[in-house]
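First up is the structure itself, then whatever we jot down about it.
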Amino acid sequence: MTTIVYEAVLNSCQKLKMPFSFVSKLDSSSPALTLTAVAKLQLNWPLRSVRWLLTCWKFFLELANKNFAYLVFNMNVAKTPNCNVEIKATIRDFDSFCTIAKEVSNTSAIIIHQEDTFFDVPKGRLKLRKKTKEGKVEEQLIYYDRPDTPGPKISSFYLVQGSSVEGGLQPLQDLLTACLGVRGRVLKTRHLYLLGQTRLHVDRVVGLGDFMELEVVLKEGQSAAEGELIAEDIRRKLGVRDEDLLSGAYMDMIEKKT
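Take 1083 as the starting number for the sequence shown in the numbering used here and just add one per residue.
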């Protein structure tokens, strides 16, 4: 599996037209150490550039053998994934549903504009999110894996905040685009309501329509079954019907539509 990862990064380096002296010295047996040594000593690259490469390498390893969090550079990525219990459904009347969501949550909506860029990966989903809230732009790189089934489902995910990476995530987005390719983009306006440990999203997705998502953020030691009970209870209070439940991601729906 290491060979597959090595070849993927080697290919990305060639696409980015990195110097041959760098590409020829990549060593598949010790990728992190080789990247560090060659980039810092042979090419005298700045530390920021090394971090970009190693961050990309980590996500390749995550896709390959779940070992990326143990590499030399710690980019504030957890060694074990976070877990949510999620429900997604279509909604028939956006304004009416927002009124119900406000009543059930006893909170007002937080309005967030999001642009998600999805990359081609062999397993799970990898996206770079740019979100704008109250005029402030934030970036997140998110890898997640969940079954495509209707109703409550477990989603395991890793997340890198753009604020934790020197220079932000744009250079990493360019690198991932070059080596993986872009699967597509999802644009949406999200109304966020908070209900304890649950995030309720009421989304208007460009080109698709209106939807809701429940994300029950599992606490340490809390079982998936407990999360499913919470999600189902909120779903009933919101009046979401069984026939409106959805299985896939917005990206999947956009691909099917086109």
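No residue lacks a Cβ here, since even glycine has one placed at the ideal position from N, Cα and C. Because the structure is a prediction, the values reported are computed rather than measured.
- Secondary structure of residue 1291 (DSSP, three-state): strand.
- Within the model, the alpha-carbon separation for residue 1175 versus residue 1301 is close to 32 Å.
- Excluding residues up to 5 positions away in sequence, 1166, 1168, 1226, 1228 lie with their Cβ nearer than 6 Å to the Cβ of residue 1237 in the same chain.
- Residue 1171: member of the beta strand (DSSP E) spanning 1164-1172, first to last residue.
- Per DSSP, the beta bridge partners of residue 1221 are 1212.
- Under the three-state reduction of DSSP output, residue 1198 falls in the strand class.
- Runs of alpha helix (DSSP H) with 4 or more residues, each lying fully within the region 1252-1340, are found at 1252-1262, 1306-1320, 1332-1339, listed in chain order.
- The beta carbon of residue 1280 is closer than 8 Å to those of 1296, 1297, 1298, 1299, 1312, 1313, 1316 in its chain, skipping five residues each way along the sequence.
- Between the alpha carbons of residue 1310 and residue 1191 lies a distance of about 23 Å.
- If you look at residue 1187, you'll find it in the alpha helix (DSSP H) that goes 1176-1187.
- Beta-bridge pairing by DSSP links residue 1242 to 1223.
- Residue 1266 and residue 1319 have their C-alpha atoms some 34 Å from each other.
- Pairing residue 1212 with residue 1328 gives a Cβ-Cβ distance that is not under 8 Å.
- In the three-state reduction of the DSSP assignment, residue 1207 falls in the strand class.
- In the structure shown, residue 1190 adopts coil according to DSSP, grouped into three states.
- In the pairwise beta carbon analysis, the region 1257-1264 is classified as touching the region 1198-1215: at least three pairs are separated by under 8 Å.
- Counting only the Cα atoms, residue 1209 lies some 27 Å from residue 1180.
- Between the beta-carbon of residue 1288 and that of residue 1274 there is about 18 Å, and that puts the pair past the 8 Å contact cut.
- Rounded to whole angstroms, the gap between the alpha carbons of residue 1235 and residue 1243 is 24 Å.
- Taking C-beta separations shorter than 7 Å and ignoring five residues to either side along the sequence, residue 1252 has no partners in its chain.
- Of the candidates 1291, 1230, 1240, the residue whose Cα lies closest to the Cα of residue 1336 is 1291.
- In the same chain as residue 1220, and ignoring 5 residues on each side of it, the C-beta atoms closer than 6 Å to its own belong to 1213, in chain order.
- Sequence-distant Cβ neighbours of residue 1326 in its own chain, meaning closer than 8 Å and more than five residues away, are 1171, 1172, 1173, 1174.
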